[in-house]
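K.L.:
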Amino acid sequence: MKPTEQAFLEFAARTLKVEHPTLDLAYGDVPEWDSVMQILLVMKFQAEYGVDVPLSKVPELKTLRDFYGMLDE
Amino acid sequence: MRSVKVRGVRLLGVEAALGAKEVDNYLTCKLLFGDKAEAILKTTGILKRRVADEGETSLSLCVKAAKKLMARLGTKPEEIAGVVSVTFTPRFQMPGNAQLAQRELGLASDVAAIDLDHACAGYPYGLYVAARLAQDLGGKVLVLDGDVQTRLADASTAALLSDAGSATLIEPGGDEEWKFAFWTDGVRADDLKVEGGKIRMDGFGVFRFVAGDVSKWTEEFMAGERVEAFVPHQANVYMVKELAKQLGLEDKVAITGHEVGNCASASIPVTLARTVKDGQKRRTLLVGFGGGLSAAMAIIDA
Numbered sequence: 048m049k050p051t052e053q054a055f056l057e058f059a060a061r062t063l064k065v066e067h068p069t070l071d072l073a074y075g076d077v078p079e080w081d082s083v084m085q086i087l088l089v090m091k092f093q094a095e096y097g098v099d100v101p102l103s104k105v106p107e108l109k110t111l112r113d114f115y116g117m118l119d120e
Numbered sequence: 007m008r009s010v011k012v013r014g015v016r017l018l019g020v021e022a023a024l025g026a027k028e029v030d031n032y033l034t035c036k037l038l039f040g041d042k043a044e045a046i047l048k049t050t051g052i053l054k055r056r057v058a059d060e061g062e063t064s065l066s067l068c069v070k071a072a073k074k075l076m077a078r079l080g081t082k083p084e085e086i087a088g089v090v091s092v093t094f095t096p097r098f099q100m101p102g103n104a105q106l107a108q109r110e111l112g113l114a115s116d117v118a119a120i121d122l123d124h125a126c127a128g129y130p131y132g133l134y135v136a137a138r139l140a141q142d143l144g145g146k147v148l149v150l151d152g153d154v155q156t157r158l159a160d161a162s163t164a165a166l167l168s169d170a171g172s173a174t175l176i177e178p179g180g181d182e183e184w185k186f187a188f189w190t191d192g193v194r195a196d197d198l199k200v201e202g203g204k205i206r207m208d209g210f211g212v213f214r215f216v217a218g219d220v221s222k223w224t225e226e227f228m229a230g231e232r233v234e235a236f237v238p239h240q241a242n243v244y245m246v247k248e249l250a251k252q253l254g255l256e257d258k259v260a261i262t263g264h265e266v267g268n269c270a271s272a273s274i275p276v277t278l279a280r281t282v283k284d285g286q287k288r289r290t291l292l293v294g295f296g297g298g299l300s301a302a303m304a305i306i307d308a
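Keeping their order, the protein sequence lines are chains A and B.
Residue numbers for the first sequence follow our numbering, beginning at 48 and rising by one.
Residue numbers for the second sequence follow our numbering, beginning at 7 and rising by one.
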């Protein structure tokens, strides 16, 4: 079942270690979300929600909305 | 995609020589990144790295590997018709490593000595040039691939890089068919370059290159081919495993990055040296990628 937006944002806040992120937060917007964190975010996202993120899809995940949208697929 | 086949060459053996110092990468990460150390280790998958001693160079590591290989195979220096060096950290700007290897290995004066200036995509280039050379000269050719790159590291790359040299020996003959393809996107050259004496990398730019372009080209390159083993450049263990998954080769991929780090273009022969078994050749896909941005692929019997 798809998590609520609030639950997903809490997961993102824990992983990125940023306070009160919104779905519009994008890669590079905050120093915490760099290339290392992008990979870590993908790895934890896969583990948390049981979603397979193909390698080719990773560069397309530029905002938290992109990640959240993957849970629709 | 343009590809080229070379028929009638065979691999005789591969040996590697790693930088003398083994480094616990957790300590490097802790020192450089503090609390972020675990995240770096998890996303790179590199647990140990190898760093050259002060006296070691790309040349000395390759020569060490070549001596070990020639001794194991019983190859005499006069049997070597050509030597191809691949490095972006040569011992000197001039003369090149290939010429110096002629002296260090006691090769004949009529040896063809060729230097290729290439980073992480270099090994398939070296094999291709060596295969052609072996056929044209009718003799054995050494590929010496190695870099001492940790001296060019800064905080953004130090947790990835290792130093290593390698030697690969091929000879003309037999009916094996090797296939090669090459790709260059110089528009994105700034994503990975040496500037001001340091390696500058846009990590996400390189990741995008591998996840998108390299992955797509490799799928095209291997379409219809029999692949029994996959040896990619060990840039980052996570990325290599995901690339293998994308290609449907997760049960055939060889991983050494966790133990030896990213050894630039030598990471492919360093891995081959650990996986190739004499008398048990497999159709092996090699994929190098990196500075250029560039990629090079080969399917060989190894």
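Beta carbons: idealized from backbone N, C-alpha and C, even for Gly.
1) Taking contact to mean 3 or more Cβ pairs, one atom from each stretch, closer than 8 Å, check whether the region 183–198 of chain B and the region 139–157 of chain B are in contact.
2) Is there a C-beta anywhere in chain A that falls below 9 Å from the one on Ala334/B?
3) So within the region 178–235 of chain B, which uninterrupted beta strand (DSSP E) runs reach at least 3 residues, ignoring any that extend past its ends?
4) Tell me which same chain residues have a C-beta within less than 7 Å of the C-beta of Gly132/B, skipping the five on either side of it?
5) Report the partner residues of Val15/B according to the DSSP bridge assignment.
6) Would you mind reading off the limits of the beta strand (DSSP E) that contains Lys42/B?
7) Determine whether the beta carbon atoms of Gly294/B and Pro96/B lie at a separation below 9 Å.
8) Nearest chain B C-beta to Tyr74/A closer than 9 Å, yes or no?
9) Label Ala77/B either buried or exposed according to how many other C-beta atoms from any shown protein chain fall within 10 Å of its C-beta, with 16 as the threshold for buried.
10) In terms of residue numbering, what span does the beta strand (DSSP E) encompassing Leu142/A cover?
11) How would you list, in chain order, the residues of chain A whose beta-carbon sits under 8 Å from the beta-carbon of Gly132/B?
12) With a CB to CB cut of under 6 Å and the five nearest residues on each side skipped, what residues in its chain are close to Val29/B?
13) Between Lys104/A and Arg289/B, what straight-line distance do the alpha-carbon atoms span, to the nearest angstrom?
14) What does the Cβ neighbour count give for His239/B, buried or exposed, with the cut at 16 atoms within 10 Å?
15) Which residue spans inside the region 103–174 of chain B form an unbroken beta strand (DSSP E) run of at least 3?
16) Taking the alpha-carbon of Thr50/B as reference, which of Gln85/A, Glu95/A, Gln93/A, Tyr96/A has the nearest alpha-carbon?
17) Once you ignore the five residues that flank Ser221/B on each side, which residues in its own chain have a CB closer than 8 Å to its CB?
18) When the cut-off is 9 Å and only beta carbons count, does Lys222/B lie next to chain A?
19) Going along the region 202–217 of chain B in order, which residues come within less than 7 Å of chain A, judged by CB to CB distance?
20) Mind checking if Lys251/B is an interface residue toward chain A, Cβ cutoff 9 Å exclusive?
21) Could you tell me whether the Cβ atoms of Ala127/B and Gly298/B are closer together than 9 Å?
P.N.:
Let me lay it out:
1) no
2) Lying outside 7 to 308, the shown extent of chain B, residue 334/B is not represented and no answer is given.
3) 198–201, 204–207
4) Val90, Val92, Leu122, Val149, Asp151
5) Pro178/B
6) Premise fails: Lys42/B is in no beta strand (DSSP E) and is neither H nor E.
7) no
8) yes
9) exposed
10) Because chain A is modelled from 48 through 120, residue 142/A falls outside the range shown and cannot be assessed.
11) Neighbours of Gly132/B on chain A: none; closest Cβ ~27 Å, over 8 Å.
12) Arg55, Val57
13) 29 Å
14) buried
15) 118–123, 146–153
16) Gln85/A
17) Leu249, Gln252, Leu253
18) yes
19) Gly209, Phe210, Phe213, Arg214, Ala217
20) yes
21) yes
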